[in-house]
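Chains as they are written, first to last, in our numbering: chain R, 1 to 359; chain U, 360 to 718; chain E, 719 to 1077; chain P, 1078 to 1436.
Here the structure comes first, spelled out in structure tokens, and everything after it is commentary.
4 protein chains.
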Amino acid sequence: MSSIIGQNLKISLFGESHGNAIGVVIDGLNSGIRIDFEMIKDELNKRRSLDNISTSRNELDELNILSGYFNDHTTGTPLCVTIENLDIKSKDYEGNLIRPSHADYAAQLKYHGFQDYRGGGHFSGRITAALVVAGSICKQILKNKNINIVSHIKSIKNIEDDDFVILNDEAVSRLNKNYFPVNNSEVKERMIALITKAKAEGDSVGGVVETFVLGVEGGIGEPFFDSIEAVLSKLIFSIPGVKGLEFGKGFEITKFLGSEANDQFYYEKEIKTKTNNNGGVNGGITNGMPITLRVAVKPTPSISKTQKTINLNTMKEEDLNIKGRHDPCIVHRALVVIESMIAIGLVDLHFSRYGYQWG
Amino acid sequence: MSSIIGQNLKISLFGESHGNAIGVVIDGLNSGIRIDFEMIKDELNKRRSLDNISTSRNELDELNILSGYFNDHTTGTPLCVTIENLDIKSKDYEGNLIRPSHADYAAQLKYHGFQDYRGGGHFSGRITAALVVAGSICKQILKNKNINIVSHIKSIKNIEDDDFVILNDEAVSRLNKNYFPVNNSEVKERMIALITKAKAEGDSVGGVVETFVLGVEGGIGEPFFDSIEAVLSKLIFSIPGVKGLEFGKGFEITKFLGSEANDQFYYEKEIKTKTNNNGGVNGGITNGMPITLRVAVKPTPSISKTQKTINLNTMKEEDLNIKGRHDPCIVHRALVVIESMIAIGLVDLHFSRYGYQWG
Amino acid sequence: MSSIIGQNLKISLFGESHGNAIGVVIDGLNSGIRIDFEMIKDELNKRRSLDNISTSRNELDELNILSGYFNDHTTGTPLCVTIENLDIKSKDYEGNLIRPSHADYAAQLKYHGFQDYRGGGHFSGRITAALVVAGSICKQILKNKNINIVSHIKSIKNIEDDDFVILNDEAVSRLNKNYFPVNNSEVKERMIALITKAKAEGDSVGGVVETFVLGVEGGIGEPFFDSIEAVLSKLIFSIPGVKGLEFGKGFEITKFLGSEANDQFYYEKEIKTKTNNNGGVNGGITNGMPITLRVAVKPTPSISKTQKTINLNTMKEEDLNIKGRHDPCIVHRALVVIESMIAIGLVDLHFSRYGYQWG
Amino acid sequence: MSSIIGQNLKISLFGESHGNAIGVVIDGLNSGIRIDFEMIKDELNKRRSLDNISTSRNELDELNILSGYFNDHTTGTPLCVTIENLDIKSKDYEGNLIRPSHADYAAQLKYHGFQDYRGGGHFSGRITAALVVAGSICKQILKNKNINIVSHIKSIKNIEDDDFVILNDEAVSRLNKNYFPVNNSEVKERMIALITKAKAEGDSVGGVVETFVLGVEGGIGEPFFDSIEAVLSKLIFSIPGVKGLEFGKGFEITKFLGSEANDQFYYEKEIKTKTNNNGGVNGGITNGMPITLRVAVKPTPSISKTQKTINLNTMKEEDLNIKGRHDPCIVHRALVVIESMIAIGLVDLHFSRYGYQWG
């Protein structure tokens, strides 16, 4: 509580990592939308990231449409999609040794031992697959309105990618297709080498995802509690592993003078700004410039290196050797989840303004 | 839309900078709470910050209790508090020259010219006084449960404060009384000198606020959409001028290896962690360690230096000389608003768990 | 908790009968609406019902617009309207003798003695004046879309009005202007005589309000929890004194056979039904026929006749002689509140569908 | 939109009559509840009502627990339960002939032809099975607090049952076990005979369900929008086929004088009222007396008798012969759905007051 979010587009999320299925109910979609399921599968594959640098858990992520879809179109009633959990190895987990920086202990305090601890239960990144389903549908709605979301991996540990140079349709399309999108291909190789090394050492690394939303008209969002930043931040900080978020220049803008930070307006067919230090948002409302943001994703807490922890049964210190199958890095997998959350938030804000038939 | 937030403690915010009054309706408070109005006045004074480095607009901020308070206690029904706008100089503003990095243009797109542009209207920092009223009451509720919120100004532009050394009751009390709380007094002088210089030059500076929440029990917050981080981020990004937020080590944690980032558990009367890189939150739920966070506050966009902008009537470029009374820095004023939002969020999350009679 | 309702048009209600002021915050209104305040005053006067058959409490009901209105138009930000309580005689009330069928005892259990008992506090019908303000604005929005709400007093105690014969514009306008709208003027005289008699005897009577909503397009409302009936029922059962609600033929439809109850479709320029036993709603969604409903309003519980009750201090039985100024009948005063709630609900449902810029 | 209801206990409903599955996500349940699935099956069987007087559609209603249940207890995370649709005969339905008093036409207007029309789609009474699952769990939570819900069929068409005489545990238990609970067994026989006759004639009948909630403490519910009556009415009017609802004496109370209608308080170990004309609710809040209410359920609109209707393709009148398998009466099946909705509403209101760990 609460696993439900949204005002006009409502998402209801459920599932545990090793339960029967995970899923999502999406309410508020217009009727008559033809969903591109191939695109959803592509997005899910980005999250699964079947490469050498990710977990070897291999879920097919086949979608079961339980409701809300008929004759190849949305009906306008709640769309429920589930994904079964198939490739489960529950015996890898033990509940009594709380894993550092995992939800194990917090969950214990909250649920008094009744939580499904297998594979992280409801706290598992696995659940985000259902968010990607919802987000993919929202991306399709946005794309029909010429709104595109594009990201790159800004950094892995201390290796930084170059900034976007030109964000034309070609670049967007290229980055969107990539499972590990980095502007500078040489940097990318170094990033992957670093992840591979962390894996070999039983360790993990984190990084920063940078995202641009292109094509959002001005005037979207609300003052105060439904500001673009407020709505997106709630969605993005819902993603496991996210520890920081900034819009526009973010923390760096605090180093500027006001005269340097202010985005000067000019007119060229429409009103634009010369810089975009505010990330396309003023007073919580879009100004027509791209929305830009960066998200800090922490190193995966599941590492195979031996760690010290407490055994909840004995309250004694013990060595912890996490077995299971884990990711040395989830930054590239989190990227598509971040984009999904942004898509969900933007559709909801547009629905609030234009009605949920906007799609 | 929407100026309402909260699930069990609901806040309904209203007002414009130069309208008749600003105010807030607070619904969900237990009956029988004796409010300390002197403390609210102190908190409001922190926000007003009547010093040489802030705006010369001088509002008495007298509270009018319209409802929900009887015989010196809350009644349990909606508490409406208003503050009249008295010290108004509306002629200082013109609506047609859009101020860079202000909400003027975005509001124009959203409200089609019907917005109250005087003094920033509903987008003015002035409105946050009503949030401080709500936040102060929530702080009192939290304090009764031995939950304290304490902050310092982590940085102004590139001047950084020292980290907290010891956060005992005395330190909390001392920082909480301070209108410009900085750990290192020499750093504080340099910060104020910098702000004074910016003011003299018709410019402005920003900075970072760092906040600790002490005494929150473990098990508060929810997975996903009502995680501590999600709930607090929505509230904090609602504050005008906030461009970044991080919990625990935040963006810096992405530079760590997993083995360095993980907070190792140990047992000493209760389960604690040796480090607190995750800022007291795992899986969206408190683990009993202090909640720590940092907020980036941008340089005030209102500066008296001449800037270029567009005149909405002519769509031509013009020189903009913002008159009015403005702040060369709002970081210290925003600090109490940030704390207020945190207090509101924490009370709401506690109410969700324990019922709104928890206070 | 909760004094807030609505999804896209949000109403936040506050106030006590003998507090400083009552009021409402309305969030979600489009910018640029010119409000007809004379019409609101007319609606408030219907609720005040300054005649011989109502309370002698005489409130001027002057509106204070605190926010959201600028240059004679809505700004699109929260509109806060308050009405001061002026004509207060608090000494008429005592808190310890709980009045039968009033909220006194239930409020005592809920608020543990901290409630403002004066004049019924937050439970007073007085608070509904703020709802009429919100409702009047919504009526204006609906009227601009050719949606009209019209009611008559269907019965006072056992005296029944005739059914509507023709509901043309003239009839709607005539009934809407009337403070005590009854189709049959001879019936009306008997109703008023009955109320006058009840008043003379220190007693009270109740009755039924019947309402038609004309001009609502088909397709409004949602299956299940946001069905027209569900949304309107929540609003209408929020009104103090309402004990029953039925749509279309309501309880009487249970006496019909299915073949009699079913509303047969026919085509005449558009699809219509020959009967309207379902009150314009099928499956929770409008079908284009008028929405029809009836509301049972109980006899005012405040009567001057001596009653027995319990003294909360002594737990002993005592005679209760309610002084104060009370209504022998509130049916005609409740009528405009019922219409207000319907208007609020319909605007909200339209906003959900078309966006809050629909108005 | 919106298929989600509740504040602290949230229900998210989905499914179509002839889709893959129907289901519900329940969020906000405490962890550690052992659910009695046999009891849920019994409740579902009441709704299925496998007798001669109900539809011959025979669904096994096997529950699939997708999430939120582990080691025989709730985990505290969202509980998703689905029921597959197995016994489907979709060819019985045609979409173009709109059935009188069904949602067909309203749905067409709303969803523009994309709705799943088979078996009524999302508007089918079938979906209420998912509500019964949620309601059954809530009933179990209430029962643990000695709160019991009991109903009888007050009337079928013009045949009326006797009032409850004594509502002791034995009577509650007896009525709760009955699929067709009527106080007077002779009346029951006449009711069933009437339904059988209607069935034989290809027609249908409706009736009234009367429900008592026993054991609710005083002080539950809120003034205005979350009054007991407001909350329950929204849930009850969400049920397909409901056209009227009254609390306490309901519409009949309008025939009383105030002095007759008022429920006089007396003291006997606790404060009680001599009569219960207000149905246990004053000012929207429980007063400790039983909550009483009556619900009007219309005659099933699906009848096999030939009816006239419009063909949406041709806009011409045609004869309609509804085939499919239909109920000559749904009153006894609706009864358990009504109770379920009441249970959901009461748990939510208790959670709002005491936290969602109240169960």
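Beta carbons are placed, not taken as given, at the ideal position from N, Cα and C, and that holds for glycine.
Here the structure is a predicted model, which is why all the values come from computation and not from measurement.
In terms of residues, what are the limits of the beta strand (DSSP E) holding Arg653(U)?
Taking the second sequence and counting its residues from 1, one reaches residue 653(U) at position 294. That run of the beta strand (DSSP E) goes 650-656.
Would you verify that the beta carbon of Gly23(R) is, or is not, closer than 7 angstroms to some beta carbon of chain U?
Counting from one through the first sequence, the residue named residue 23(R) turns up at place 23. No - not a single Cβ of chain U is within 7 angstroms of the one on Gly23(R).
In chain order, what residues of the same chain lie with their CB nearer than 7 angstroms to the CB of Gly726(U), ignoring the 5 residues before and after it?
Within the shown structure, residues of chain U are numbered from 360 to 718, placing residue 726(U) beyond reach of any answer.
Report, in whole angstroms, the separation of the C-beta atoms of Ala655(U) and Phe251(R), which I expect to be a contact under 8 angstroms.
Translated into the one-based positions of the second sequence, residue 655(U) becomes position 296. Translated into the one-based positions of the first sequence, residue 251(R) becomes position 251. At roughly 4 angstroms, the Cβ-Cβ gap stays under 8 angstroms, so Ala655(U) and Phe251(R) are in contact.
Is there a Cβ of chain P sitting closer than 7 angstroms to that of Gly962(E), yes or no?
For the purposes of this step, residue 962(E) is taken as the residue at position 244 of the third sequence. Closer than 7 angstroms to some Cβ of chain P, the Cβ of Gly962(E) qualifies, so yes.
CB Gly607(U) to CB Asn646(U), shorter than 7 angstroms?
As a first step, residue 607(U) must be located in the second sequence, where it is residue number 248. As a first step, residue 646(U) must be located in the second sequence, where it is residue number 287. Not closer than 7 angstroms, so no.
Quick one, which of Gly1321(P), Pro1317(P), Pro1300(P), Lys1274(P) has its alpha-carbon nearest Ser956(E)'s?
In the third sequence, residue 956(E) corresponds to position 238, counting from 1. With distances taken between Cα atoms, Ser956(E) lies closest to Pro1300(P).
Where does Thr254(R) land, buried or exposed, given buried means 16+ other C-beta within 10 angstroms?
Taking the first sequence and counting its residues from 1, one reaches residue 254(R) at position 254. It is buried - the Cβ of Thr254(R) has at least 16 other Cβ atoms within 10 Å.
Identify, in the order they occur along the chain, each residue of the same chain with its Cβ nearer than 7 angstroms to the Cβ of Gln725(E), setting aside the five sequence neighbours on each side.
Counting from 1 along the third sequence, the entry for residue 725(E) is found at position 7. Residues of the same chain with a CB within less than 7 angstroms of the CB of Gln725(E), apart from the 5 flanking positions on each side, are Asp1066, Ser1070 in chain order.
Excluding sequence positions up to five away, which residues of its chain have a Cβ less than 8 angstroms from the Cβ of Ile322(R)?
Position 322 of the first sequence, counting from 1, holds the residue named residue 322(R). Closer than 8 angstroms at Cβ, skipping near neighbours: Arg99, Ser302, Ile303, Ser304, Gln307.
Name the chain E residues that come within less than 8 angstroms of Ile1224(P), Cβ to Cβ?
Numbered from its first residue, the fourth sequence carries residue 1224(P) at position 147. None at all; the shortest Cβ gap to chain E is about 16 angstroms.
Sort out for me which residues DSSP pairs Glu201(R) with in a bridge.
Within the first sequence, the letter at position 201 stands for residue 201(R). Glu201(R) pairs with nothing; no bridge assigned.
Out of curiosity, what's the CA-to-CA distance linking Arg47(R) and Leu1312(P)?
The residue given as residue 47(R) occupies position 47 in the first sequence. The residue given as residue 1312(P) occupies position 235 in the fourth sequence. When rounded, the distance between both Cα atoms is 39 angstroms.
How many Å lie between Glu878(E) and Ile871(E) at the Cα?
Locating residue 878(E) in the third sequence gives position 160, where the first residue counts as 1. Locating residue 871(E) in the third sequence gives position 153, where the first residue counts as 1. About 8 angstroms.
In three-state terms, what does DSSP make of Ile98(R)?
Numbered from its first residue, the first sequence carries residue 98(R) at position 98. Ile98(R) falls in the coil class under three-state DSSP.
Going by the CB atoms, is the gap between Glu947(E) and Arg1012(E) shorter than 7 angstroms?
Walking along the third sequence from the start, residue 1012(E) turns up at place 294. Walking along the third sequence from the start, residue 947(E) turns up at place 229. Going by beta carbons, Arg1012(E) and Glu947(E) fall outside the 7 angstroms limit.
Can you tell me where the beta strand (DSSP E) with Phe373(U) in it begins and where it stops?
Working through the second sequence from its first residue, we reach residue 373(U) at position 14. Counted as a single uninterrupted DSSP element, the beta strand (DSSP E) harbouring Phe373(U) occupies residues 369-374.
Taking 7 angstroms as the CB-CB cut-off, is Gly737(E) touching chain U?
Within the third sequence, numbered from 1, the residue matching residue 737(E) stands at position 19. It does: the Cβ of Gly737(E) has a partner Cβ on chain U nearer than 7 angstroms.
If you reduce the DSSP assignment to three classes, tell me which class Thr487(U) lands in.
On the second sequence, residue 487(U) is found 128 positions in, with the first residue counted as 1. The answer is helix: DSSP assigns Thr487(U) an H, G or I state.
Does any CB atom of chain R fall closer than 7 angstroms to the CB of Thr1205(P)?
Here residue 1205(P) refers to the residue found at position 128 of the fourth sequence. No, no contact with chain R.
Quick check: what's the CA-CA separation for Asp855(E) versus Gly924(E)?
Within the third sequence, numbered from 1, the residue matching residue 855(E) stands at position 137. Within the third sequence, numbered from 1, the residue matching residue 924(E) stands at position 206. For the record, residue 855(E) in the displayed sequence is Ile; it is not Asp. One C-alpha to the other measures close to 28 angstroms.
When you compare the CB of Phe898(E) with every CB in chain U, is at least one pair closer than 7 angstroms?
Residue 898(E) sits at position 180 when you count from the first residue of the third sequence. At a cut-off of 7 angstroms, the C-beta of Phe898(E) has no neighbouring C-beta in chain U.
Return no unless some Cβ of chain R is closer than 7 angstroms to the Cβ of Glu519(U).
For the purposes of this step, residue 519(U) is taken as the residue at position 160 of the second sequence. Judged by the 7 angstroms Cβ criterion, Glu519(U) is not in contact with chain R.
Which residues share a DSSP beta bridge with Asn148(R)?
Translated into the one-based positions of the first sequence, residue 148(R) becomes position 148. Leu214(R).
Between the Cα of Lys1375(P) and those of Val1319(P), Ile1387(P), Gln1192(P), Glu1247(P), spot the shortest distance and give me the residue it belongs to.
Walking along the fourth sequence from the start, residue 1375(P) turns up at place 298. Looking at the Cα atoms, Val1319(P) is the closest of the given residues.
Any beta carbon of chain P sitting closer than 7 angstroms to that of Tyr428(U)?
Walking along the second sequence from the start, residue 428(U) turns up at place 69. Closer than 7 angstroms: no.
Let's test the definition: count the other Cβ atoms within 10 Å of the Cβ of Thr314(R) and tell me whether it reaches 16, buried, or not, exposed.
Counting from 1 along the first sequence, the entry for residue 314(R) is found at position 314. Exposed: under 16 other Cβ atoms inside 10 Å.
Can you round the beta-carbon distance between Val949(E) and Ile865(E) to whole angstroms, since I take them to be within the 8 angstroms contact cut?
The residue you call residue 949(E) lines up with position 231 of the third sequence. The residue you call residue 865(E) lines up with position 147 of the third sequence. Val949(E) to Ile865(E), Cβ: 15 angstroms. No contact.
Taking only the alpha-carbon atoms, compute the straight-line gap between Glu1151(P) and Ile1415(P) and give it to the nearest angstrom.
The count along the fourth sequence starts at 1 and reaches residue 1151(P) at position 74. The count along the fourth sequence starts at 1 and reaches residue 1415(P) at position 338. Note that residue 1151(P) is Thr in the sequence shown here, rather than Glu. Answer to the nearest angstrom: the Cα atoms are 24 angstroms apart.
Would Gln1192(P) count as contacting chain R if we go by Cβ distances under 7 angstroms?
On the fourth sequence, residue 1192(P) is found 115 positions in, with the first residue counted as 1. For Gln1192(P), the answer is yes, since a Cβ of chain R falls inside 7 angstroms of its Cβ.
Within this structure, are the beta carbons of Gly221(R) and Ile285(R) separated by less than 7 angstroms?
Locating residue 221(R) in the first sequence gives position 221, where the first residue counts as 1. Locating residue 285(R) in the first sequence gives position 285, where the first residue counts as 1. Yes, Cβ-Cβ distance for Gly221(R) and Ile285(R) is below 7 angstroms.
For Glu970(E), decide whether its Cβ has a neighbour in chain U, counting only Cβ atoms nearer than 7 angstroms.
If you number the third sequence from 1, residue 970(E) lands on position 252. Glu970(E) does not count as touching chain U.
Determine the chain R residues that contact Ser597(U) at a beta-carbon separation under 7 angstroms, and present them in chain order.
Numbered from its first residue, the second sequence carries residue 597(U) at position 238. Phe224, Phe225, Ser227, Ala230, listed in chain order.
Between Lys728(E) and Ile363(U), is the Cβ-Cβ spacing less than 7 angstroms?
Counting from 1 along the third sequence, the entry for residue 728(E) is found at position 10. Counting from 1 along the second sequence, the entry for residue 363(U) is found at position 4. Cβ atoms of Lys728(E) and Ile363(U): closer than 7 angstroms.
Is there a Cβ of chain P sitting closer than 7 angstroms to that of Gln982(E), yes or no?
Counting from 1 along the third sequence, the entry for residue 982(E) is found at position 264. It does: the Cβ of Gln982(E) has a partner Cβ on chain P nearer than 7 angstroms.
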